Every structure is written in C-alpha cells, then in structure tokens.
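Right, one structure below, let's go through it.
Protein chains: 2
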Amino acid sequence: MVEHRKPIPVSEAVQKVIQQARMMGTETVPLERSYNRILAEPVIAGHPVPPFDRSPYDGFAIISAQSEGASGDRRIRFDIVDHIGAGEVSGKTLSGRQAVRIMTGAPLPEGADAVVMFEQAAEAEGSFTIRKPFAPLENVSLEGEDVKAGEEVIPRGSLIHPGTIALLATFGYAEVQVAKQPVVGILSTGTELLDVSEPLVPGKIRNSNGPMISAQLARMGIASKTYGMSVDNLDESFGIVKKAAAETDCLITTGGVSVGDFDFLPAIYERLGAEVLFNKVAMRPGSVTTVAVADGKYLFGLSGNPSACFTGFELFVRPALLRMMGADKLFLPHTTALLSEDFAKANPFTRFIRAVYDGHSIKPAGFNKSNAVASIAKGNALIVLPGGSRGFTSGDRVDVLLLGVEEGSAEWKI
Amino acid sequence: MVEHRKPIPVSEAVQKVIQQARMMGTETVPLERSYNRILAEPVIAGHPVPPFDRSPYDGFAIISAQSEGASGDRRIRFDIVDHIGAGEVSGKTLSGRQAVRIMTGAPLPEGADAVVMFEQAAEAEGSFTIRKPFAPLENVSLEGEDVKAGEEVIPRGSLIHPGTIALLATFGYAEVQVAKQPVVGILSTGTELLDVSEPLVPGKIRNSNGPMISAQLARMGIASKTYGMSVDNLDESFGIVKKAAAETDCLITTGGVSVGDFDFLPAIYERLGAEVLFNKVAMRPGSVTTVAVADGKYLFGLSGNPSACFTGFELFVRPALLRMMGADKLFLPHTTALLSEDFAKANPFTRFIRAVYDGHSIKPAGFNKSNAVASIAKGNALIVLPGGSRGFTSGDRVDVLLLGVEEGSAEWKI
C-alpha cells in the first residue's frame, strides 16, 4: 500500500519552512573574524565621512576668492605658508594669497575653501601661480558628503562582506554584534552507503551527500556535526536522530524519506512527535523532500539522491538557516537568461536543472536525473522551469537561480 | 615637479599582472577541508556512476519481456521471490514471471531488465499484477549513464565547491591534492591612519583598507598577515616592506603610490630593485594603482582611497592570486544589465562604479567618489563604463562585474 502524499508548490513550501525559524541569539566577535556573519546590530555612523573638509588631491589649499580673474595672461601668485601631509593639521589660518601645501586626505586649513592640484599650479621656490579662477569648494571633499553623522548606514540582518568591514572599521567597530550561527547536524541514512575512504563493494556507493552538505554549510560559514551513516533500522535510527536533534540547532538527514520499505524517517518523525510541514513538494528533483519541526527545531529530510539533496538544501535549508540568524536576504540570487540548448522534457512539477551560466546564456550541466552527481560539480546555477510546461528550446528566456557564486569567469570581458 | 606617468589600459594591466604569477606548490588536504581550494589534480572517475544497473524507484524488478501484452483487461501477475533494499544484492536470478521487491538505489537482480514502480503495481500477498507492458530498461538507471569509468570529470585548476566535493566523495578521494595558498601581507601606509579601536582625532581617520583587504582575502579562503600601519617615513617604511616581502608570498600596500610628498612607495620599489609593471592605469577610481615584482614576488601598491583600493584588489590582486594557485577562472563574473538611473559624468578613463545589481537592472550604490566608503558596503557589483564615454541614461545596457556574490536575494522570485 503506497501512502498518498499531496504535493505542495515550491513557493508555499519555502514559506512554510521560513515561518518556523527559531531565532538564534547574538554574540560579539572581533571585527577581523566577522566576515560572512549576519549583523545583529545596524552600522551607525559615529561621525560624518569624511570627518572634516579635506583635500582629495595633492596640491595647495587656497581662499578661492583670491583666485578671481586668474588667466593664462594674468597668472595669480600664492605664497606657500605651510606644508601638511595627511593626518596633520595646519596651525595656520589663511588670509589673502596665502596657501598651504597639502596632501591627499589632509584637512583643509582654516580659511581655505578650495584646492589647486599640483598639475594646475606652476611652482616656484615658496610660491606658485595659477592661470584659472577656482570656485568655492572646488577640489574639496566636504565633511559628511559620503555619510552623515548618526546615519544608519547598514541595517541589522545584512551579511558582513568586505565592504561592510571597511565601514565597520571606519566607525571604530573593533567588535561587532552578530547572530550566533546554528550548529547543524548531518545524518546520512542508507545501508548502501560507504564512507569516502572505503573501497567500493557490489551494491554499495560512497556517501557523497554528507560531505556535500557539510560544504554547502561551510560556504555559509556554518559548522556542521556529522552523525555518520545510520543503518536502515528503525530503532537505531530513531536513537541517533533523537540524540542529534538534541545536540544541534537543526538536523539534516539524507535519504529515508520516500515510500520504500526501509524509509524510516516518516516513522521517526511520528515517534518524535514532530510536526511535518510537508512531505511532498511539486518539484523535480526532490519531490519527497520533507521538513518537520520538533521542539522548535528543524528536521530537514532531504532526498538521498545527490541532485535532489543538493537542490533541497539550497531551496529550503539555506533560507531557513539565514532566517534563524535574522538575515534579510534569504534566497538564491535570481536572474533570467537565454537557454543555449533545447530542453525537451515535460515538467509535470517545477523543474530545477543544474546548469552552467556564463552571465549571458545558460545550458544544462549534463546528465540530469535526480541521482546524477557529475552535473552538481559542473553547474553553477539552476534553471527553473515552471510546472505544467514542456518543450523549451534554445533561445527561450528562462528563470535562473545562481549557485556557484564564489567562482569566477575564465575570461576577461571588459 | 610632477612626475609624468603614462596610463595603460585596464585589460593590458591585468594581463601584465597575471603573466608574472609564480606558481605555488601543491599539498594534500582531507576532503572535509578542501572547500574553496583550487584542485591541483583532475577528478578522475575511478568507477562508472552508477557503478551498477540500479533501480531509481521503489518497486519490483522484472524481466520486461514477461510483461508483453499486459493491459487493464488482461493484467499480468508476477511472483515476488526476493526483497532487497539499497546496499543489498539479491542472490536470485530471475526467470519467467518472477520479480524482486527492490528499493531505490538497489542493484537490479540477475535477469531483470525493468522496474515496476509501486504505484504501477496492484500488490497482493507474495505477488502483484500490472496492466501495461514494460520496455527493456524501463525505470532502470544504467551503469555509467552519469559518468564513465576513467573519465576526467573535473579538470585541475577548478575551484572546489560543494558539488565538486560530492564528486570527490563519490570517487573515494578522502584526501585531495590542492594548490597551496599564498600567504599575503597587508601594510597600510599613511600617517593619517588610526587603528579601528582608537578614538578619532582631528585630521585622522581609521584604517579601513587593511581590514577590508583581509576580508577580501578571507572570501577567497586566503590568510593574511598584517604589518600594521607604516608611518610615512621612507627608511622605516622601506624596512617594513622588505621584511614583509621576505615573509610572505605577496605584499599588498595601501596608500603611498601617488605623487604626494610623503608617497614613498615609488622610492621603495626602486631601492628594492623591483620591476614596476605599471604605475598608472586608465581607470577611475584607482588610476595610481601600481604593481611591481621583486624576487618573483608581487608587490601590489593599491590606492589609499577605499573605493579605489577595493576595486584595485578585485581587478588585479584577485586574478593574480588565483593564477598563483593554477586556477582556471581568474576574473570576476561578467554580465550586462540595464541601468535603472542616469549617470551623467564623463568617463575620461574606464570607470568602475560600485553598484547594486538585482539580477535584472543595476544602479550606482550611492555616493561615488574614490574616497567613498559607504558605497563599497552597499554595493554587490561594479558597473563598468568605457573610457571616452559620457552620459549614460536609465535603460542603457552596461557591463557589470559581480562582487557581492555570497549574498542572496531578499525576495523569492520563482
């Protein structure tokens, strides 16, 4: 007797998962260890940027009004009364045709309101001449022109990337409040599984899902705890799942969620008293993807098929973990692109195809069954074809979710 | 007297840099620590995938010829003679209308050449009936259909991402040969610089470039060594640069490369006997970006202006480091997008504008001078406008280099 499961649309499944997120707490980390974390506090400008009117060039600070009428025929001479580098403050207050030799980044001296760049001046001993008038504030970086004091520059929930770190450093965040990272357990189920170091024997395959998920988590900066490979025995599996769920913030299992005779996850969810959010999604691959919640903790039951497992992680686990950390950008980046080859298969459900995207067009990354593994390694994106469609041909514009995002391009195209 | 420098085109500068790469050696790391490394060996299929003909479904393995003529009116009955899960091998050889109950992933028994899915069968005690004929190999995953034995599946030089790890695990790579990672030194020059933990004082700003570059390296999985902030004194700076260059595989300095009175890097390069590849690039920001080579080691002299520094890293340092590791994809991913607001400025040189790209359109990430810092934090891409152009307007298609690639989308768009 085959259990009947009602498939729900992918977008509904994603929403159901996200809604269950239990928020992680926050912690303080040194700035230099904050890369790839989620901000738990907004970045507030403790001072304006620039913090003072400054010179964006190497040159001479002057009073602009004193340059009025300068021309090639009627050069105006200024006397150099001081010389400052960045980080120095001139003690002089300019008057008349006095100038301060000033380097990039140095604050304008009192009285000055314009900067003559070196290449705009004809220098002599202790003085220089100019041959054009300067407007007030010409060649001046104004206090606060980049950021105003007190401004919320980056909201809480943002990912900390190198640019964020530049800003945090600017405002003196030697430490930064970030979301704690969930600890995620990984349990691969299936008696067919060998460890990566074991020799192949008839009927068995090596466990590729466990290491893959661990790397998918590593890409998010999240640590994982491996609970090995459970044998397909209900009691033993239940014990391991219970222990793993207790020790982690979230448990990912692979395999065991289908309707096979040794697919124990449904029974385990029941014994745990878990609420099953869904156990069938209108998608290929990975329609058997199951997500349950027990004691406020996620139990992700991903398919044991590598491609389905990979896709299930990116579609459901990733946004859930990001939501637990209060992130504001939960989903894979979306774009559209032109198919560069035909895809003739029918799509009874929404279909996610591992694909190679070059920034312009996209094509399937090779053999595309749910149990395929090579295409996961070759692809950097997912083509998404809507359920109920069929017969996409080269040149059709299709939806694309970006994956292989830490990877660059082989060609310089600018 | 202002030194005259001849600007070279960006693409030429990039090529000059890459050509100087000194290759790092290789090392062996455990699979679980190989994420984000560069493969120093190809991934070779030690066996076909799947390694044997197997069932992609839960169901019954049969001899397809025995199903000939089955219909709703003339159901054909099969006797179940064995029951195997994934990882098990049936000892039976099928004949006639015998069938083996078989789970997803299990090898087909001897004699069988098709699989009846549970939902295609009407089961009774010890037997089932079908109402349609099955073709040879129907519902069978064939040995080698995904990967052939001996195939080079992923070439040397590829980045190891989660999909690569799945494949490495499949083929038993418990350890993997990867390129050694360069150790990169960071030295921020400028007397105006305060440490991130220091209070602001007149004329000074906190060092944001050092922490930012460290994070840009962290994004590539590369460790950095910080040599603090050098004061603008030639002898002292020379000593630090010499020490740092000796201790690292590559040294990045920020600031000190322009024509200011305290810009000592040109003099330091001379004293070191370094070959200056270029000291002016036809780009904004960062036209003073300088790259030199001494004793086969890169000396990157990035601008002290944050936006220029950031861009200089991504354009020159990143591909150089990737090349040192033998990577095959050196450059930022390129695409094109529609500008969603006007950009009126003239572009005497190629202009790189920190920008926000949503997968469809793109716009500048705010205030866009070379000394701006907020736009680095807000942007996830660079708009590239060709030198000699001006007056781009909303709706124009522009070149885009992707940056903020570990960040996702705030909306689910499928």
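Protein sequences appear in the order of chains A and B. Note that this note's numbering has the first sequence beginning at 1, numbered continuously upward. Note that this note's numbering has the second sequence beginning at 1001, numbered continuously upward. Even for Gly, the Cβ is constructed at its ideal location relative to N, Cα and C. What you are looking at is a predicted structure, and each value in this text was computed from that prediction instead of being measured.
- Query: Counting pairs of Cβ atoms below 8 Å between the region 1309-1324 of chain B and the region 1016-1034 of chain B, do you hit three or more?
  - Reply: yes
- Go through the region 1234-1314 of chain B residue by residue and report every complete run of the alpha helix (DSSP H) that reaches 4 residues or more, in order. 1234-1247, 1265-1272, 1306-1312
- Host alpha helix (DSSP H) of R1219 (chain B) (start-end): 1209-1219
- Item | Environment of H1047 (chain B) [buried if 16+ CB atoms lie within 10 Å] | buried
- Task: State the Cα-Cα distance for the pair T1226 (chain B) and G1326 (chain B), rounded to the nearest angstrom.
- Result: 25 Å
- Could you tell me which residues DSSP pairs with R1022 (chain B) in its beta bridges? Bridge partners of R1022 (chain B): none, in fact.
- Task: Note down the Cα distance separating S1071 (chain B) from P1133 (chain B), rounded to an integer number of angstroms.
- Result: 7 Å
- Note down, in chain order, every chain A residue with its Cβ under 8 Å from the Cβ of I1154 (chain B). A377, K378
- Message: Can you confirm whether K1369 (chain B), when its beta carbon is compared against all beta carbons of chain A, has any partner nearer than 8 Å?
- Response: yes
- Message: Considering only the alpha carbon of each residue, which of A:T189, A:R206, A:T191, A:G190 lies closest to S197 (chain A)?
- Response: A:R206
- Message: Residues of the region 22-49 of chain A in Cβ contact with chain E at a cutoff of 7 Å, in chain order, please.
- Response: Reference to chain E is not applicable here, since the protein chains of this structure are A and B.
- Query: When the Cα atoms are used, what is the spatial distance from F1238 (chain B) to V1259 (chain B)?
  - Reply: 17 Å
- For the region 170-180 of chain A and the region 82-89 of chain A, state whether three or more C-beta atom pairs, one from each stretch, are separated by less than 8 Å. no
- State the beta-bridge partners of Q1098 (chain B) as determined by DSSP. B:D1079
- Query: Is I1165 (chain B) helix, strand or coil when you go by DSSP?
  - Reply: helix
- Message: Please identify the residue among B:S1370, B:D1249, B:I1252, B:P1348 whose C-alpha is closest to the C-alpha of P1386 (chain B).
- Response: B:P1348
- Message: At the 8 Å Cβ level, is Q1177 (chain B) part of the contact set with chain A, yes or no?
- Response: no
- Item | Nearest to E110 (chain A) (by Cα), restricted to the options A:V140, A:G91, A:V291 | A:G91
- Message: Pop quiz: S158 (chain A) and V184 (chain A) are said to be a contact at Cβ under 8 Å. What is the actual Cβ separation, rounded to whole angstroms?
- Response: S158 (chain A) to V184 (chain A), Cβ: 22 Å. No contact.
- Kindly indicate the opening and closing residues of the alpha helix (DSSP H) around I38 (chain A). Per DSSP, I38 (chain A) belongs to no alpha helix (DSSP H) and is neither H nor E.
- With DSSP run on the structure shown, which of helix, strand or coil describes E110 (chain A)? strand
- Task: Below 8 Å on the Cβ atoms is my guess for R354 (chain A) versus A365 (chain A); work out the distance and round it to an integer in Å.
- Result: 5 Å
- What do you get for K1148 (chain B), buried or exposed, if any count of 16 or more other CB atoms within 10 angstroms of its CB means buried? exposed
- Item | Of the residues A:I44, A:I213, A:L315, A:A124, the one placed nearest R156 (chain A), counting alpha carbons only | A:I44
- Query: Got a sec? Which residues, its chain only, sit under 8 Å from L108 (chain A) by beta carbon, not counting five neighbours each side?
  - Reply: F52, D53, R54, S55, A61, I102, V115, V140
- Query: Taking Cβ-Cβ distances below 7 Å as the criterion, which residues of the region 210-231 of chain A are in contact with chain B?
  - Reply: P211, M212, S214, A215, Q216, A218, R219
- Could you spell out the range, first to last residue, of the beta strand (DSSP E) harbouring M1229 (chain B)? 1224-1230
- Rounded to whole angstroms, what's the CA-CA distance from P1415 (chain B) to S1067 (chain B)? Just pull it up for me. Because chain B is modelled from 1001 through 1414, residue 1415 (chain B) falls outside the range shown and cannot be assessed.
- Item | Exposure label - L234 (chain A); buried when at least 16 CB within 10 Å | exposed
- Message: Measuring CB atoms only, is the region 363-382 of chain A touching the region 392-402 of chain A, in the sense that at least three cross pairs come out at less than 8 Å?
- Response: yes
- Query: For P364 (chain A), which residues does DSSP report across the bridge?
  - Reply: A:A355
- Is the Cβ of E1247 (chain B) closer than 8 Å to any Cβ of chain A? no
- Query: When the Cα atoms are used, what is the spatial distance from E151 (chain A) to A218 (chain A)?
  - Reply: 33 Å
- Specify the secondary structure class of M1117 (chain B) as computed by DSSP and reduced to three states. strand
- Task: Using a cut-off of 7 Å between C-beta atoms, extract the partners of N207 (chain A) located in chain B.
- Result: A1169
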